[in-house]
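Chemist: Residue 1024 in my numbering sits at position 74 of the sequence shown; the count goes up by one each step and never skips. Just so it is clear, CB atoms sit at the ideal spot from N, CA and C, and this is done for glycine as well. Before I ask anything, here is the structure I am working with.
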Amino acid sequence: QVLAGQSAWPSRPLRRPPAHRDLASRARRRGQPGTMAAPQPLMAGMENMSQRDQHAVLEQLNEMQMAESMNTFNGLVERCFNECVTSFRTKSLENAEEQCVQRCVQKTMAFNQRVAQRFQEKQQQINQKMGG
């Protein structure tokens, strides 16, 4: 039950997952090079940097990617919660609320995937123009 003046949703942002879950660590465990956060054209521009500087750049990219992922997730939670949760009579969601949340998450994820796909297509077009 929510009391007057209290939020029904935690006001603090979600915690960052442990470091072993970042992309660089996952890539190393799979035997893949460095990180998945840096696209190849960026790597090509880093060949004159020291190993230490390359590592620092890749770590910073990982941090930025993690922050962006957390912002996206927090935005999704906030949007779907505000749109779908209308009753605070019980601890659990009502059926209509649960269905609304599921639809909201599916739509938002599909939208984000489409945006990422279009971004990748545009990036490939730019790279082709620059390379040829």
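Starting from the N-terminal side, write out each stretch of the beta strand (DSSP E) that is 3 residues or longer and does not extend beyond the stretch 1033–1059.
Modeler: Runs of the beta strand (DSSP E) inside the stretch 1033–1059: none found.
Chemist: Exposed or buried, what is Ala954 when buried is set at 16 or more other beta-carbons lying within 10 Å of its beta-carbon?
Modeler: Any reading at Ala954 needs caution, since the residue's pLDDT is 44, under 50, leaving its predicted position unreliable; the model's value is listed next. It is exposed - the Cβ of Ala954 has fewer than 16 other Cβ atoms within 10 Å.
Chemist: Hey, out of Asp1003, Glu1033 and Met1014, whose CA is closest to Glu1048's CA?
Modeler: Among Asp1003, Glu1033 and Met1014, the Cα nearest to that of Glu1048 belongs to Glu1033.
Chemist: Does the distance from the C-beta atom of Thr1058 to that of Arg1029 stay below 8 Å?
Modeler: In contact: Thr1058 and Arg1029 (Cβ atoms closer than 8 Å).
Chemist: Skipping 5 residues on each side, what residues in its chain have a beta carbon closer than 6 Å to that of Cys1050?
Modeler: So the list reads Cys1034, once near-sequence residues are dropped.
Chemist: Please report the straight-line C-alpha distance between Ile1076 and Phe1023, rounded to a whole angstrom.
Modeler: Distance between the alpha carbons of Ile1076 and Phe1023: 29 Å.
Chemist: Assuming Val1007 contacts Met1016 (C-beta within less than 8 Å), just tell me the rounded distance between them.
Modeler: Wrong, their Cβ atoms sit about 15 Å apart, outside the cutoff.
Chemist: Assign Arg980 to one of three DSSP states: helix, strand, or coil.
Modeler: With a pLDDT of 45 at Arg980, under the threshold of 50, the modelled position of that residue is not reliable, and no figure is offered here.
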